[in-house]
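Shown next, in structure tokens, is the structure this report addresses.
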Amino acid sequence: MAEAAKRGQRIYFFGSAPGVAEKAKAKAEQLYPGIEVCGVRNGFFKESDEPAIIEEIKAAKPHILLAALGVPKQEKWLWKYKDELQVPVSIGVGGTLDVMAGVMKRAPRWMQKAKLEWLFRGMLQPKRAGRLMALPKFVLKVHASRR
């Protein structure tokens, strides 16, 4: 975001609960002077809302679209509409907007440095534990495939 502010690139925040993207925008503007968050939209919508959401994003003309719809919904949504959106860079960011907005607590620094923030989220939200346990399995498969 600091780099986007330097380059004059516009960012669109899409996802999270109602009001969260707005709080994340305010935090981004505080942390990254000059940043241009050209639009925000919560992640609660029906399929029938999607054409209007796409038009709203296109009208904002962002250089970067941050989608916080949760895994795998955000990836599937971005892939489905990649050509229609006409956004150079679209990224699924999971709970990033929640953390920026102060809605979700971040892991202690040592867990962040050890790349264990996912484990911390699992401890805070036990119902996500099963899904989050797929992460270490994925990492092990990646390491195994390198051999």
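Okay, so the sequence shown: first residue is 0 according to numbering that gives the first Met the number 0, each after it adds one. All residues carry an ideal CB built from backbone N, CA and C; glycine is no exception.
Would DSSP call residue i helix, strand or coil?
i, result
"residue 34", "coil"
"residue 15", "coil"
"residue 9", "strand"
"residue 88", "strand"
"residue 123", "helix"
"residue 23", "helix"
"residue 40", "strand"
"residue 113", "coil"
"residue 106", "coil"
"residue 96", "helix"
"residue 68", "coil"
So, for residue i: in the same chain, excluding its five sequence neighbours on each side, which residues have a beta-carbon less than 6 Å away from its beta-carbon?
i, result
"residue 119", "106, 110"
"residue 100", "19, 22, 23"
Spatial neighbours of residue i within its chain, please: CB distance less than 7 Å, with the 5 preceding and 5 following residues excluded, ordered by chain position.
i, result
"residue 85", "57"
"residue 27", "0, 34, 36, 99"
"residue 45", "none"
Here's the rule: buried if 16 or more other CB atoms are within 10 angstroms of the residue's CB, otherwise exposed. What is residue i?
i, result
"residue 65", "buried"
"residue 14", "buried"
"residue 3", "buried"
"residue 67", "buried"
"residue 78", "exposed"
"residue 32", "exposed"
"residue 40", "buried"
"residue 137", "exposed"
Could you tell me how far apart the beta carbons of residue i and residue j are, in whole angstroms, since I believe they sit closer than 8 Å?
i, j, result
"residue 116", "residue 91", "With a Cβ gap of about 16 Å, residue 116 and residue 91 do not count as contacting."
"residue 6", "residue 61", "Incorrect: roughly 13 Å between the Cβ atoms, too far for contact."
Using a Cβ-Cβ cutoff of less than 8 Å, which residues in the same chain neighbour residue i once the five nearest sequence positions on both sides are dropped?
i, result
"residue 93", "67, 69, 70, 73"
Check your understanding: Below 8 Å, can you find three or more Cβ-Cβ pairs linking the region 23-30 to the region 49-60?
Key -> no
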